[in-house]
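Heads up, the thing below is written out as structure tokens.
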Amino acid sequence: MVFPPKIPVPKLPPLQAAATEGGGGAAAGFTMPGYSLPAYSPADDAGESTSGTKDSLTDKTKYWAINIWQGALLVMSINNQIYTTIVNGNTEDTINFPSLPQGIMVGKNSYVVKRLQPALTRPGINLTATQQSVFVGIIFTDRVAFPYPVPWVQPKLNAGAEVPLINQSTGVPLPLTVPRGYKATLLEYQWQLDQDSEHWIYIDGALALCPGISTAGQAVYVADIVPISTALIDPLALLPHTINWIVKNRGLNPMSGAATVVLILEAVGTPPFPSTKEARCPQCGTITTVPVHTNNITCKSCGFKYVVFDGAAFRRTT
Ligand SMILES: [Zn+2]
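Residue numbers (our numbering): 1285 to 1602.
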């Protein structure tokens, strides 16, 4: 790896990630249709190393996904010199890279990391260390018997009835609780149902939005350019919030079909994301606490085996 020549640099302010919201495309960690790429692309993450070696940088305040920075650009300010390299890989709190020049060691330095974006040929998302995806949805069908081990597969919805969507990482019906220190942004949603349907979004228990009222069989897909977010009402995430999505059958017959919603949860000045989640048994409703990356769960009360998504593992489209 080629390091630039040693260029004396005036006293540097601490390097910081430009945590801007929206408008900047890559700044928010995901790229969506309708966004132009910024001329200046901010860092994906930044900080002060707590220790290091000639080929590693440790920041004990981080909780990175393993190898999320592989291939990324790492810029370090060491003794008023700037060193630039490409990351080999990373653990939760340590980035590894080819050795620095003889005698140069990482200590307590400021640094930034920036993914080198390959040309995207389609819209996608690219989550930063502080973001996590949440999938919620429901399938109405009479193809299987109930209770069914996939919690969001549900019986046909009767005419006039309404239900909330289901968190696919836990099997727990909405409302989704967004804790203090986090914000939730609705990224995209889609549904196709064989009866006329209504869709209603409640924030903190109050009816806030109507994403759509559709006719039987209509396929709806929306990727918001200006996403719906709890940041619109609480940009600093000073309070917890709830988000609910209700689907109602306003047709004459039991309804088949599916609805899926993708949200992004983002930490706002908060250590990212708990290591456990609370999953709900589709047979008896018992809540079981499991590691966040768990897919297969056996109910501790009734022994029913069921599966959930690992939404926390999803980082980017490729
Ligand atoms: Zn159970």
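Cβ atoms here follow ideal geometry from the backbone N, Cα and C, with glycine treated the same way.
Note that this is a predicted model, so its numbers are computed, not measured.
Residue i: CB within 7 Å of a non-hydrogen atom of ligand 2
i: threonine 1560; result: With respect to ligand 2, the structure offers nothing, as its ligand set consists of ligand 1.
Beta strand (DSSP E) segment containing residue i, residue limits
i: arginine 1564; result: 1560-1564
i: glycine 1331; result: 1329-1332
i: tyrosine 1347; result: Unbroken run through tyrosine 1347: none, as it is neither H nor E.
i: methionine 1360; result: 1357-1362
i: tryptophan 1529; result: 1525-1533
i: glutamate 1482; result: 1481-1487
i: threonine 1573; result: 1571-1575
i: serine 1585; result: Taken as a continuous stretch (DSSP letters only), serine 1585 belongs to no beta strand (DSSP E), as it is neither H nor E.
i: leucine 1400; result: Looking at the DSSP string, leucine 1400 is not in any beta strand (DSSP E), and its letter there is neither H nor E.
i: threonine 1414; result: Run containing threonine 1414: none; DSSP gives neither H nor E here.
Three-state secondary structure (DSSP) of residue i
i: leucine 1549; result: strand
i: leucine 1516; result: helix
i: alanine 1596; result: helix
i: alanine 1429; result: coil
i: glycine 1465; result: coil
i: aspartate 1508; result: strand
i: asparagine 1503; result: Checking the sequence, you will find alanine at residue 1503 rather than asparagine. Strand at alanine 1503.
i: cysteine 1494; result: strand
i: methionine 1539; result: strand
i: isoleucine 1423; result: strand
i: leucine 1522; result: coil
i: glycine 1373; result: strand
i: isoleucine 1352; result: coil
i: glutamine 1452; result: coil
i: asparagine 1579; result: coil
i: glycine 1336; result: strand
i: threonine 1601; result: coil
i: tryptophan 1475; result: strand
i: glutamine 1567; result: coil
i: threonine 1368; result: strand
i: glycine 1408; result: strand
i: threonine 1342; result: strand
i: proline 1556; result: coil
i: leucine 1458; result: coil
Nearest candidate by alpha-carbon position, reference residue i, set the options
i: leucine 1449; options: Cys1494, Ala1500, Ala1542, Thr1414; result: Ala1542
i: isoleucine 1366; options: Ile1379, Gln1415, Met1389, Ile1548; result: Met1389
i: threonine 1582; options: Ala1551, Asp1518, Gly1595, Val1434; result: Val1434
i: valine 1428; options: Val1420, Gly1501, Val1437, Gln1476; result: Val1437
i: proline 1519; options: Leu1536, Ala1551, Ala1597; result: Ala1551
i: serine 1585; options: Gly1569, Val1591, Asp1594; result: Gly1569
i: isoleucine 1487; options: Gln1479, Val1504, Asn1451, Pro1524; result: Pro1524
i: glycine 1535; options: Ala1500, Asp1426, Asn1351; result: Ala1500
i: serine 1559; options: Leu1400, Ala1597, Gly1444; result: Ala1597
i: valine 1546; options: Asn1533, Arg1599, Val1574; result: Arg1599
i: serine 1481; options: Ala1490, Ile1409, Glu1472, Ile1497; result: Ile1497
i: phenylalanine 1424; options: Asn1410, Ala1445, Ile1409; result: Ala1445
i: alanine 1492; options: Ile1530, Tyr1505, Asp1478, Gly1465; result: Ile1530
i: leucine 1458; options: Cys1494, Phe1419, Gly1465; result: Phe1419
Cβ neighbours of residue i in the same chain (closer than 6 Å, five flanking residues each side left out)
i: valine 1359; result: Thr1368, Val1396
i: threonine 1461; result: Thr1526
i: proline 1538; result: Lys1440, Asn1442
i: glutamine 1416; result: Leu1549, Phe1557, Ala1596
i: alanine 1563; result: Thr1454, Gly1455, Thr1572, Val1574, Ile1581, Val1592
Residue i beta carbon near ligand 1 (any heavy atom closer than 7 Å)
i: phenylalanine 1419; result: no
i: threonine 1578; result: no
i: phenylalanine 1588; result: yes
i: threonine 1454; result: no
i: serine 1333; result: no
i: threonine 1570; result: yes
i: cysteine 1494; result: no
i: serine 1383; result: no
i: glutamine 1354; result: no
i: serine 1585; result: yes
i: glutamine 1438; result: no
i: glutamine 1474; result: no
Cβ-based neighbour list, residue i, same chain, cut-off 8 Å, excluding 5 preceding and 5 following
i: lysine 1347; result: Here the sequence assigns tyrosine to residue 1347, which means lysine is not the residue at that position. Glu1376, Asp1377, Ala1413, Pro1555, Pro1556, Phe1557.
i: phenylalanine 1604; result: The structure shown does not extend to residue 1604, since the chain is modelled only from 1285 to 1602, so the question has no answer here.
i: serine 1513; result: Lys1467, Ala1468, Thr1469, Leu1470
i: lysine 1589; result: Pro1433, Asn1580, Ile1581, Thr1582, Cys1583
i: glycine 1355; result: Ile1370, Val1371, Arg1399, Leu1400
i: aspartate 1594; result: Ser1453, Val1576, His1577, Thr1578, Asn1579
Residues of its chain near residue i, where Cβ-Cβ distance is below 7 Å and the 5 sequence neighbours each way are ignored
i: tyrosine 1432; result: Pro1566
i: lysine 1561; result: Ser1453, Thr1454, Val1574, Val1576
i: alanine 1503; result: Gln1476
i: glycine 1307; result: With a pLDDT of only 35 at glycine 1307, under the threshold of 50, the placement of this residue in the model should not be trusted; the figure read from the coordinates follows. Taken in chain order, the list of residues that qualify is empty.
i: glycine 1489; result: Thr1526
i: tryptophan 1353; result: Val1371, Asn1374, Ile1379, Val1397
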